[in-house]
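In order, the protein sequence lines correspond to chains A and B. Each residue of the first sequence is one higher than the one before, starting from 427 at the first, in the working numbering. Each residue of the second sequence is one higher than the one before, starting from 11 at the first, in the working numbering. Please read the structure below before turning to the comments.
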Amino acid sequence: MTPSVATTILAYVPEYYPTFGAVLVGLGEALVILLGLGYGLRHLLRAPERISSE
Amino acid sequence: MSAEARRHCDQPLPSWVYAVVFLVTLAGSIKTLDVSPILWIDTVFEFDRVEGCLREGACTTRGPRASFEGIYHMVGWLHFWVFLEWLGLDQNGTHVLIQVANSLKIVLVMLVANRVGGGSAGALAPFFAFATGASPGALYDSSLMPFLGAVILVQLVAAAGQRPSSSLVVLAALGSAVVAEFHLAGVLTLVSVIWVVLLHPPDRVRRAKIGVTAFAVAVLVISPNGVISNLIEMPFRVFTLMAGLADGVAPSPAHQLVPFSTRLWRSLAYLFFLVPWALCRLAPSRFGSLHPGLKGALAVSVPLALVFSIGVLLGVFPAYGGYHHYWEHAYPAYAVVCAVPLTALGYALFASLPLALVVSIGALLGVFPLYRGEHDYLVNTLVRAVPLAALGYGLLARFRARFTVPSFLLRPMKPWMIPLSLSLVAAWSPPSPSTPNLHRANVEGLADLLHDDWRWDWTAVTRELRVSYKAILLDYLSTMIPDWQQEEGGIDPLRPHEPLVVIEVDRQRVPDPLPSGWIAVSRGVRFTLLAIPTGSSLDWGSLMTCFVNVRGQETCHGSSNHHNLLRFMDKSVAAEIRSVTRRVPWHGKPGETEKIFLPRRLLLCRGRIESGPPGTRIAEDGQIAYVSEPGDIVFKWTPRTQGCEQWLYWKEDDPFVVAGDPATVDVIRGLIDQGRP
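As structure tokens, then:
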């Protein structure tokens, strides 16, 4: 990719978020992790117990 | 081992064991890492961006540079930190929150190992999960990675055990995007997600595409500028790197290419933790079959191990040390991959007591000394645990088989007790900070003392403080009181300027009562910050620093910014330095003798007292000198020699030197030498 194309693409991408945007992203990350943990645990605990075949 | 005995060993752990391990882990963590983070250079520049976001609304979507030139990362961590600050958590609060999360990580690792390997594996897994390549006690992008890795592990083990729903695939992919946005190394968790999704037909490729799409959307939302910049930059960087390696050029001045045989051996060491798993796979009839969920743990740990192994082989990663913090999110999975097969091997191999003894003693005597390298966390923990746990299993199994014991005595004896004891010992004494950095809460007390109580101006602070890692301390002080450097000098201080040694001492070792003149600046949970006027006559305000480069050219600096000379020096210029000399005038009175001590244990780059005025007595190791005649004291550092690695010596800008009346220096020396590493 030539530098001019790269510069053009980057011109359409925000360099900074406002504070509120960053807080929202942080909140979203926390939710993804907590939901993923809860959902993963639910699936894990419903999975068959140890003796099984690979 | 009989099927009945095997079932006995596979009994799941009772719930109270999880609670005990969590509480012991948290208590051990607080005991070791305090309720306040240590001063850390990464914290300074990361929090600077968090502050910029909160105060000026300029929240980066590109992030700071990663360890690799031209690549950016960590935006997700910065946004998360902004979120925590917005909620009202300060750095101390965030540090405690992370310790709670990382203690929970240990419980998650136990739970996963218990599900796929039985109770004994669950009890053993935490022993391996305390491994770290990051900086314990520091607050930065790597701090929360172990917990995030444990969350991914839970999801992928569940998904590997049975075909996951699409919603779990999407959540795991989103989670991997968060891990990748906390630290660049987390990008490999996308490979882990794809790996696990591809295990379960039908529609494998379509479901993998769903995961990749979810990941791509998430990273573009979190750090659009960083993702685009990296995608543009990556091909060029990879090409440059490979072209350089083909020409035998090390990828950075931080490490040199070592012989291929060394790289081969070191690269294999990264795969060593897979040996127990491979043995179980090769002989399932002897060792028992492994739970399919274990593939989830392999999916998280193996891609990183392969990248490091190949990277070391090619010379992209240094053969010794460096980049081990990239492992943080994979350690929980690594712990499960170690513990589950080891337990199976333990059952089978060590049911015979003589065999257990021979192998254990052999392992302790023969293998362990090979892996004493400072950074070989992967190998060290494994080699320590194998003989101990195996011996434990063997002894217990033999005991139960040989002796008739009343059932009321036998019932409390569970096979997981021995591995659990190993894990509890590890939980109570987790890795501590490898360098004796001060703690933030104590430094807040120091800022209040110097600025508010004594009214010292910034020039006096930079001149008079003698402390290890001074540049970092000054960064923190200037952040805590932002206008300090701009305030006018010449204000009459409420306490006269004088040389002040600042050290942190374990609370239990603080002299009681404090010697006359000593000040207990702040008392933390574990450490007390002491400010000690030493009455030194070394004139640090007249310090002259000289560098000699590889061509023998000497450059000298007499400015007042000695604490930032090396730090802000052009990297290519710094890489050529072959000696650093610091010349400090001593203005003692006739008949007065001053003792000078260069604390070796606190220095990453060890220097020596090279010379002094006539009559100066210097110890053979160059760490201690007695001076009694006015003149210049010369300190010298020789980078790129043992004990003074090139990429560490910038931390010795404005070095930590303890000088003053001999009795006081001796007391300080005793506190330093008996203290932390």
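All C-beta atoms, glycine included, are put in the ideal place defined by N, C-alpha and C.
To the nearest whole angstrom, what separates the beta carbons of residue i and residue j, a pair I think is in contact under 8 Å?
{"i": "Phe666(B)", "j": "Val477(B)", "result": "6 Å"}
{"i": "Ala135(B)", "j": "Ala437(B)", "result": "Incorrect: roughly 12 Å between the Cβ atoms, too far for contact."}
{"i": "Ile40(B)", "j": "Val535(B)", "result": "7 Å"}
{"i": "Val31(B)", "j": "Val117(B)", "result": "6 Å"}
{"i": "Val439(A)", "j": "Pro234(B)", "result": "5 Å"}
{"i": "Gln101(B)", "j": "Leu149(B)", "result": "6 Å"}
{"i": "Gly38(B)", "j": "Trp426(B)", "result": "Incorrect: roughly 20 Å between the Cβ atoms, too far for contact."}
{"i": "Val54(B)", "j": "Asp485(B)", "result": "5 Å"}
{"i": "Leu548(B)", "j": "Ala669(B)", "result": "5 Å"}
{"i": "Ile501(B)", "j": "Arg465(B)", "result": "6 Å"}
{"i": "Phe57(B)", "j": "Leu114(B)", "result": "Contact doesn't hold; Cβ gap of about 24 Å is too wide."}
For residue i, report the span of its beta strand (DSSP E) as first-last.
{"i": "His507(B)", "result": "From DSSP, His507(B) is part of no beta strand (DSSP E); its letter is neither H nor E."}
{"i": "Ser621(B)", "result": "Arg618 to Ser621"}
{"i": "Arg533(B)", "result": "Ile529 to Arg533"}
{"i": "Phe318(B)", "result": "Counting along the chain, Phe318(B) falls outside any beta strand (DSSP E), though it belongs to the alpha helix (DSSP H) covering Leu304 to Leu324."}
Can you name the start and end residues of the alpha helix (DSSP H) that residue i belongs to?
{"i": "Glu61(B)", "result": "Ile51 to Glu66"}
{"i": "Met554(B)", "result": "Run containing Met554(B): none in the alpha helix (DSSP H); it sits in the beta strand (DSSP E), Met554 to Asn559."}
{"i": "Arg577(B)", "result": "Counting along the chain, Arg577(B) falls outside any alpha helix (DSSP H), and DSSP gives it neither H nor E."}
{"i": "Thr565(B)", "result": "Here Thr565(B) belongs to no alpha helix (DSSP H); instead the beta strand (DSSP E) covers Glu564 to His567."}
{"i": "Ser186(B)", "result": "Ser176 to Phe192"}
{"i": "Ser202(B)", "result": "Leu198 to Val207"}
{"i": "Ile459(A)", "result": "Thr445 to Arg472"}
{"i": "Glu79(B)", "result": "It is not in any alpha helix (DSSP H) - Glu79(B) carries neither H nor E in the DSSP assignment."}
{"i": "Pro492(B)", "result": "Per DSSP, Pro492(B) belongs to no alpha helix (DSSP H) and is neither H nor E."}
{"i": "Leu114(B)", "result": "Gln101 to Gly127"}
{"i": "Pro286(B)", "result": "Val285 to Leu292"}
{"i": "Trp337(B)", "result": "Here Trp337(B) belongs to no alpha helix (DSSP H), and DSSP marks it neither H nor E."}
{"i": "Trp275(B)", "result": "Phe270 to Ala279"}
{"i": "Ala195(B)", "result": "Segment: none, Ala195(B) is in no alpha helix (DSSP H) and carries neither H nor E."}
{"i": "Pro429(B)", "result": "Met427 to Trp438"}
{"i": "Glu454(B)", "result": "Arg450 to Ala457"}
{"i": "Val231(B)", "result": "Arg214 to Ile232"}
{"i": "Leu163(B)", "result": "Met155 to Gly171"}
{"i": "Val27(B)", "result": "Ser25 to Leu43"}
Between residue i and residue j, what straight-line distance do the alpha-carbon atoms span, to the nearest angstrom?
{"i": "Gln553(B)", "j": "Leu430(B)", "result": "The identity of residue 553(B) in the sequence shown is Leu, whereas the question assumes Gln. Distance between the alpha carbons of Leu553(B) and Leu430(B): 56 Å."}
{"i": "Leu450(A)", "j": "Gly62(B)", "result": "16 Å"}
{"i": "Ser186(B)", "j": "His339(B)", "result": "10 Å"}
{"i": "Ala144(B)", "j": "Val511(B)", "result": "29 Å"}
{"i": "Leu612(B)", "j": "Pro446(B)", "result": "Residue confidence for Leu612(B) is low, a pLDDT of 48 falling below 50, so the modelled location carries little weight and cannot support an answer."}
{"i": "Thr469(B)", "j": "Phe78(B)", "result": "36 Å"}
{"i": "Phe138(B)", "j": "Tyr344(B)", "result": "8 Å"}
{"i": "Thr70(B)", "j": "Ala224(B)", "result": "22 Å"}
{"i": "Ser46(B)", "j": "Gln109(B)", "result": "11 Å"}
{"i": "Pro22(B)", "j": "Val126(B)", "result": "10 Å"}
{"i": "Ser638(B)", "j": "Asp52(B)", "result": "41 Å"}
{"i": "Met579(B)", "j": "Arg593(B)", "result": "19 Å"}
{"i": "Arg588(B)", "j": "Phe270(B)", "result": "27 Å"}
{"i": "Arg173(B)", "j": "Asp44(B)", "result": "43 Å"}
{"i": "Leu352(B)", "j": "Trp287(B)", "result": "8 Å"}
{"i": "Pro4(B)", "j": "Arg296(B)", "result": "With chain B covering only 11 through 687, there is no way to say anything about residue 4(B)."}
{"i": "Gly376(B)", "j": "Gly622(B)", "result": "Confidence in Gly376(B) is poor, its pLDDT being 49 and thus under 50, which makes the residue's placement unreliable; the coordinate value appears in the next sentence. Each residue's Cα considered, the two are about 48 Å apart."}
{"i": "Ala218(B)", "j": "Val310(B)", "result": "16 Å"}
{"i": "Asp664(B)", "j": "Glu497(B)", "result": "23 Å"}
{"i": "Gly466(A)", "j": "Leu304(B)", "result": "15 Å"}
{"i": "Leu470(A)", "j": "Ile459(A)", "result": "16 Å"}
{"i": "Ala182(B)", "j": "Gly221(B)", "result": "8 Å"}
{"i": "Tyr82(B)", "j": "Leu436(A)", "result": "14 Å"}
{"i": "Val161(B)", "j": "Leu281(B)", "result": "23 Å"}
{"i": "Arg382(B)", "j": "Pro212(B)", "result": "Here the model assigns Arg382(B) a pLDDT of 43, short of 50, so the residue's position is not dependable and the matter cannot be decided."}
{"i": "Ala195(B)", "j": "Ser546(B)", "result": "48 Å"}
Bridge partners for residue i per DSSP, in chain order?
{"i": "Val668(B)", "result": "Phe607(B)"}
{"i": "Trp647(B)", "result": "Val590(B)"}
{"i": "Ala635(B)", "result": "Ile606(B) and Ile628(B)"}
{"i": "Trp596(B)", "result": "Leu548(B) and Gly641(B)"}
{"i": "Phe537(B)", "result": "Asp516(B)"}
{"i": "Cys69(B)", "result": "Tyr443(A)"}
{"i": "Leu475(B)", "result": "Leu510(B)"}
{"i": "Arg75(B)", "result": "Tyr82(B)"}
{"i": "Ala584(B)", "result": "Looking at the DSSP assignment, Ala584(B) forms no beta bridge with any residue, so it has no partner."}
Shorter than 7 Å, the distance from the beta carbon of residue i to the closest heavy atom of the ligand SAM, or not?
{"i": "Leu504(B)", "result": "Although the ligand SAM was asked about, the structure shown includes no ligands whatsoever."}
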